[in-house]
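Participant: In the numbering used here, the protein residues as written are 118 to 362. Note that the Cβ used here is the ideal one computed from N, Cα and C, for glycine as well. Quick caveat: nothing in here was measured; it's all calculated off a predicted structure. What follows is a single structure, and I will ask about it in a moment.
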Amino acid sequence: MPELPEVETIRKQLSEKIIGKKLDGRTVTAVKRRAKILIIEFADKTALLFHLKLTGQLILNATPGKYTRRVFDLSDGSRLVFNDVRKFAWHKTVSKRELEDIEKNLGPEPFGLTEKNFAAMLAERPRAKIKPLLMDQKFIAGIGNIYADEILFAGGIHPLRQAGTLDKKEIHSLFASIKKILKAAVRAGGSSVKDYLDASGKEGGFAKHHKVYQKTGQKCLECGGVIRRIRIGSRSAHFCPKCQK
DNA sequence: TATATTGTTACACC
DNA sequence: TGGTGTAACAATAT
Numbered sequence: 118m119p120e121l122p123e124v125e126t127i128r129k130q131l132s133e134k135i136i137g138k139k140l141d142g143r144t145v146t147a148v149k150r151r152a153k154i155l156i157i158e159f160a161d162k163t164a165l166l167f168h169l170k171l172t173g174q175l176i177l178n179a180t181p182g183k184y185t186r187r188v189f190d191l192s193d194g195s196r197l198v199f200n201d202v203r204k205f206a207w208h209k210t211v212s213k214r215e216l217e218d219i220e221k222n223l224g225p226e227p228f229g230l231t232e233k234n235f236a237a238m239l240a241e242r243p244r245a246k247i248k249p250l251l252m253d254q255k256f257i258a259g260i261g262n263i264y265a266d267e268i269l270f271a272g273g274i275h276p277l278r279q280a281g282t283l284d285k286k287e288i289h290s291l292f293a294s295i296k297k298i299l300k301a302a303v304r305a306g307g308s309s310v311k312d313y314l315d316a317s318g319k320e321g322g323f324a325k326h327h328k329v330y331q332k333t334g335q336k337c338l339e340c341g342g343v344i345r346r347i348r349i350g351s352r353s354a355h356f357c358p359k360c361q362k
């Protein structure tokens, strides 16, 4: 499930390997990320966007397989292979203007956010349940189901809490947890839960640090309680009922 | 074969 | 009206 840390990992790897080369005849000038979208910018001011959704992969020089949807040839003979089991992932070429439109509909990047801004954002959505809110890309960019669960556990916040009920201390704890978990996950190269592989075809190392995501029925590492799974909306949420209030 | 999977979005409701 | 919650949708593995 490529969320911010996974896409950021791919971005860094591609950045080192493809800048200055030609891809489909266009010279790559930058590789960026906004929310969970990977952005390859070209000298002609167009950009190639990828959203990997659940099961998308972007791997350099992989051997094309059953789930390869597209192969992009690079001017040095290498190739960028786009795989996707579920076919939900997409890619498209956009103009600078179209890219700006997409970006302005996304919430702030977590790493550029201040606690003061975050508190003000929460105050605007007092009745929203905190977990769906963290996953709302228009509220804050880049967080999906894995990291929402892990962030809320680290912050000691129950996923069903309404944003407006969080006190100052809890907001501080949640804010710190967002940065802490995402940073640690980027450092580990993301989480390989099912299909995720980085641009070199390797798994990310963060899944072994997961404390609640897909740990239903297991003992909480902090308190020895039992991790529960509930559905919020139509999504699964994993949490420790003792640690998260 | 029914079910689970998740980001996104359409839509119903208050 | 707009904030909120729910469900549908994409396609596939198990």
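Tell me whether the beta-carbon of residue 341 lies closer than 8 Å to the beta-carbon of residue 321.
Facilitator: Not closer than 8 Å, so no.
Participant: Which one of 202, 338, 219 has the shortest CA to CA distance from residue 172?
Facilitator: Here the closest residue by C-alpha is 202.
Participant: Determine the extent of the alpha helix (DSSP H) in which residue 222 is found, giving its start and end residues.
Facilitator: That residue, residue 222, is in no alpha helix (DSSP H); it is neither H nor E in DSSP.
Participant: Excluding the five sequence neighbours on either side, which residues of its own chain have a C-beta within less than 8 Å of the C-beta of residue 263, listed in chain order?
Facilitator: Correct list, in chain order: 118, 120, 308, 310, 327, 330.
Participant: Hey, residue 167 and residue 155 are a contact pair by Cβ (cut 8 Å); roughly how many whole angstroms apart?
Facilitator: About 4 Å; that satisfies the 8 Å criterion.
Participant: What residue range is occupied by the uninterrupted alpha helix (DSSP H) comprising residue 126?
Facilitator: It spans 121–135 - the alpha helix (DSSP H) in which residue 126 sits, taken as one unbroken run.
Participant: For residue 302 versus residue 323, is the C-beta spacing smaller than 8 Å?
Facilitator: Their beta carbons are under 8 Å apart, which means residue 302 touches residue 323 by this criterion.
Participant: Enumerate in chain order the residues of its own chain whose CB-to-CB distance from residue 204 is below 6 Å, with the five nearest sequence positions on each side excluded.
Facilitator: There are no such residues.
Participant: Contact between the region 139–153 and the region 179–196: three or more CB pairs below 8 Å?
Facilitator: In short, these stretches touch, since the Cβ pair count reaches three.
Participant: Short check: CB of residue 130 to CB of residue 317, under 8 Å?
Facilitator: Contact flag set, yes.
Participant: Do residue 157 and residue 165 count as a contact pair if the criterion is CB distance below 8 Å?
Facilitator: Yes, Cβ-Cβ distance for residue 165 and residue 157 is below 8 Å.
Participant: Please state whether the Cβ-Cβ distance between residue 271 and residue 298 is less than 8 Å.
Facilitator: Cβ atoms of residue 271 and residue 298: closer than 8 Å.
Participant: Can you check DSSP and say which residues form a bridge with residue 154?
Facilitator: DSSP lists 151, 168 as partners of residue 154.
Participant: Of all the beta strand (DSSP E) runs that stay within the bounds of the region 215–297, which reach a length of 3 or more residues?
Facilitator: You should have found no qualifying run.
Participant: Tell me residue 308's beta-bridge partners as DSSP assigns them.
Facilitator: Paired residue(s): 322.
Participant: Exposed or buried, which one is residue 161 when buried takes at least 16 other CB atoms within 10 Å?
Facilitator: Exposed, since its Cβ has fewer than 16 Cβ neighbours within 10 Å.
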